[in-house]
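Student:
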């Protein structure tokens, strides 16, 4: 078996440590801040303006900030208090950059009915700037600062994402200003030549990332001076976070600045810290009893915006390789993700993942994306991380920038290292990537290459430069690459179910002493390694928490199974692995010792179960039959789960109709069910893999059935062991056996 239990337990601990803030805590904090903000509304006007008079150029800004925070946190625009705030924003006389930019954020968060209002605010912002820089109001003199410039640009970014008014000259001027005024340490201050600060460095970096997105979609690579400035700013923030951490005491304004940086760049960690988890923990621990941060309306609203980031499901990792050209198209996933969000009417996220980083950081997204125009090399750590990610249910999308043959060759070499038993094949015309949602007609020579294990796809290698098509797409007719990636999203989410993390390690283990260990051996057939080697590991904590039983898994050659001291042997494949006479003798010997065998067609679309079940019927002289309705595997008695009604995957239901009962078979030996068989997939369901095309049980049903099978096999072995021990003791104690 690839990997090992020690490494997997290390990953488990890493994930649990990363999740210092639970989802329940985040949602509770959001609700408390929402309640606080709603309580501060002026019921007469619907506004939240408390600091500035009608004559102030910041008038309306507080209301815009609070309304945006409440909308961003998931509240409906139809909620009466929010509706009153929106109505106020429609009529208030705004004259300041901060206020109008924040109002533009509100219009962008609403339906297309508000598009004209967004465009009006964008036009105001365009007129208010000079040379790509902003002042508090329309800029009439030399004064500017990087804080208000950031917000002027953010308002225009919201407009540009919806194809509203913008200007390339603005982005060029802004980009050049921040390149020219960057301090030698990589940061920026409030104005040029001021000392670098965390909030202004985040502001400068955001400005450069927005300019890069708007100016260089059709270039193979961005200008080197821009890339150098962006990398310098990230290095500054890395060092700052490494030394200071991410805390609300740095200002919630700064935390939202980090969130904007991540939105534009996909950055997940800074200074080795998951910035969102650290910041969220700081906010939660700093909340007053009334749900505020320091009884401050503005800080509380910024904190709510930040916490809302955690509710955005991440669907893809962009893989970063050290000192190699992995980011020629910095906005490929960025723009694709935004397009998917608009099409699906649900906000999605993406993230950068360093290929040598802790493998646990990869697991909250089902897709990894890697692109380059070079023949990449992979370190041992990078190769191992990719292998773990793929074995835990992920899929790698590899696209050659500029149709690089060197890159394609590097991916083929990587695949040969990780999965020497599989080969790339052209996607057939009916592959889900080419027709699950959108029909994409490609000649065979242009179809992507697919590396499959027979049950699911592991690596997709594009034949063309998908990255350029994704990056330069903006409205109009979608490109073929965009349609393929939309199909990919549907393919990895069981045709559009909510994006879920690869949740192999998401269940926290209860702290208690194990009662006993259930041992499972996964049989190697014909020298091949077990298919889906990590698929049952998600059950470890689920089983332990419910029963107190540990789960131990190992691999074994099928020609040695007769010697195995295991409660269950799992014999799974995606194809017809016909057993030899010696294999069957070994398995029969194992059964004669009280062992239980599970036969499974992993993926649910091969002939494994049919072929092997017939061989067992011939050897054991018994016919397979459905499990009785009162069988412990179905009822869960005494400590399992009631699985008499189950749910199948959408793919299975579409092809077979609605079925709610399990379809497990068994062969009895000496009155007990010694061979359990499933034609439908169990393992990929246990793994939590949602890939379309798998015929089997959904995640919860697969986990419940396999847990019950484990308990049944273990209890039978445990009972027989006790009976044998009791018999031995009785014989030893009888007078006729005494000397």
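In my numbering, the protein residues as written are 1 to 739.
Even glycine gets a Cβ: it sits at the ideal position worked out from N, Cα and C.
Being a predicted model, the structure only gives us computed values, none of them experimental.
Which residue's Cα is closest to the Cα of residue 408: 224, 342, 57, 462?
Tutor: Measuring from the Cα of residue 408, the nearest candidate turns out to be 462.
Student: Please determine whether the Cβ atom of residue 654 lies at a distance below 8 Å from any heavy atom of the ligand ADP.
Tutor: Judged by which ligands are present, the structure shown has none, so any question about the ligand ADP falls away.
Student: Report the CB separation of residue 667 from residue 624 in whole angstroms; it is logged as a contact under 8 Å.
Tutor: The Cβ separation is near 5 Å, so the contact holds.
Student: Measuring CB to CB, does residue 430 end up less than 9 Å from residue 328?
Tutor: For residue 430 and residue 328, no; Cβs fall outside 9 Å.
Student: Could you tell me the boundaries of the beta strand (DSSP E) in which residue 569 lies?
Tutor: Here the beta strand (DSSP E) through residue 569 covers 568 to 573.
Student: Among the residues of its own chain, which have a CB less than 6 Å from the CB of residue 535, if the five just before and after it don't count?
Tutor: Excluding sequence neighbours, residue 535 sits near 683, 686, 687.
Student: Straight-line CA distance for residue 561 to residue 581?
Tutor: Near 13 Å, if we compare the C-alpha coordinates of residue 581 and residue 561.
Student: Residue 509: which of 278, 545, 443 sits nearest, CA to CA?
Tutor: Nearest option by C-alpha distance: 545.
Student: From the DSSP output, in three-state form, read off residue 660 for me.
Tutor: Note: residue 660 maps to coil in three-state DSSP.
Student: Taking only the alpha-carbon atoms, compute the straight-line gap between residue 143 and residue 152 and give it to the nearest angstrom.
Tutor: For residue 143 and residue 152, the distance between alpha carbons rounds to 14 Å.
Student: At least one CB of chain C closer than 9 Å to the CB of residue 383: is that the case?
Tutor: Of the protein chains in this structure there is only one, and it is not chain C.
Student: Under 9 Å, do residue 493 and residue 361 count as touching if we go by C-beta distance?
Tutor: Contact flag unset, no.
Student: Taking a contact to mean a Cβ-Cβ separation below 9 Å, would you say residue 103 touches residue 121 in this structure?
Tutor: Going by C-beta atoms, residue 103 is nearer than 9 Å to residue 121.
Student: Within a Cβ cutoff of 8 Å, which residues of the same chain sit near residue 584, ignoring the five residues on either side of it in sequence?
Tutor: Cβ neighbours of residue 584 beyond the five flanking positions: 615, 616, 619.
Student: Using DSSP bridges, identify the partner residues of residue 367.
Tutor: For residue 367, which the question treats as bridged, DSSP gives the partners 316, 395.
Student: Ordered along the chain, which non-local residues of its own chain (more than five positions away) have a Cβ less than 6 Å from that of residue 678?
Tutor: Correct list, in chain order: 600, 664.
Student: Kindly indicate which residue of 146, 715, 35, 589 has the alpha-carbon position closest to the one of residue 192.
Tutor: The shortest Cα separation from residue 192 among 146, 715, 35, 589 belongs to 146.
Student: Under DSSP, the alpha helix (DSSP H) around residue 617 begins and ends at which residues?
Tutor: From DSSP, the alpha helix (DSSP H) with residue 617 extends over 608 to 620.
Student: If we call anything under 9 Å between Cβ atoms a contact, is residue 314 one with residue 349?
Tutor: Closer than 9 Å, so yes.
Student: Starting from residue 524, follow the beta strand (DSSP E) in both directions and report where the run begins and ends.
Tutor: Residues 516 to 524.
Student: Would you decide whether residue 592 is buried or exposed? Buried here means 16 or more other CB atoms lie within 10 Å of its CB.
Tutor: It is exposed - the Cβ of residue 592 has fewer than 16 other Cβ atoms within 10 Å.
Student: Assign residue 595 to one of two classes, buried (16 or more other C-beta atoms within 10 Å of its C-beta) or exposed (fewer than that).
Tutor: So residue 595 ends up on the buried side.
Student: With residue 26 as the anchor, note down where its alpha helix (DSSP H) starts and where it stops.
Tutor: Unbroken alpha helix (DSSP H) run through residue 26: 23 to 39.
Student: Would you report the Cα separation of residue 648 and residue 31, rounded to the nearest angstrom?
Tutor: Distance between the alpha carbons of residue 648 and residue 31: 35 Å.
Student: How big is the Cα-Cα spacing for residue 289 and residue 199?
Tutor: Whole-angstrom Cα-Cα distance: 27 Å.
Student: Confirm, please, whether the CB-CB distance from residue 481 to residue 547 is below 9 Å.
Tutor: Contact: no.
Student: Cutting at 6 Å between CB atoms, please list the residues of its own chain near residue 179, excluding the five before and the five after it.
Tutor: Once the five neighbours on either side are set aside, the close Cβ partners of residue 179 are 225, 229.
Student: For residue 467, which of 656, 403, 201 has the nearest alpha-carbon?
Tutor: Among 656, 403, 201, the Cα nearest to that of residue 467 is on 403.
Student: Within 10 angstroms of the Cβ of residue 127, are there 16 or more other Cβ atoms? Answer buried if so, exposed if not.
Tutor: Residue 127 should be labelled exposed.
Student: For residue 264, report the span of its alpha helix (DSSP H) as first-last.
Tutor: It spans 252 to 265 - the alpha helix (DSSP H) in which residue 264 sits, taken as one unbroken run.
Student: Measure from the alpha carbon of residue 376 to the alpha carbon of each residue in 415, 366, 282, 631, then state which is nearest.
Tutor: If we check each option's Cα against that of residue 376, 415 comes out closest.
Student: If you draw a straight line from the alpha carbon of residue 116 to that of residue 501, how long is it in whole angstroms?
Tutor: Taking the straight line joining both Cα atoms gives about 37 Å.
Student: Please report how far the alpha carbon of residue 549 lies from the alpha carbon of residue 674, in whole angstroms.
Tutor: The alpha-carbon atoms of residue 549 and residue 674 are separated by roughly 21 Å.
Student: Using the C-alpha atoms, what's the distance from residue 389 back to residue 740?
Tutor: The displayed coordinates of the chain run from 1 to 739. Any statement about residue 740 would go beyond what the structure contains.
Student: Check the DSSP bridge columns for residue 296 and list the partner residues they point to.
Tutor: 293.
Student: Mind checking whether residue 672 and residue 539 have CB atoms under 9 Å apart?
Tutor: No, the pair does not count as a contact, with Cβ atoms beyond the cut-off.
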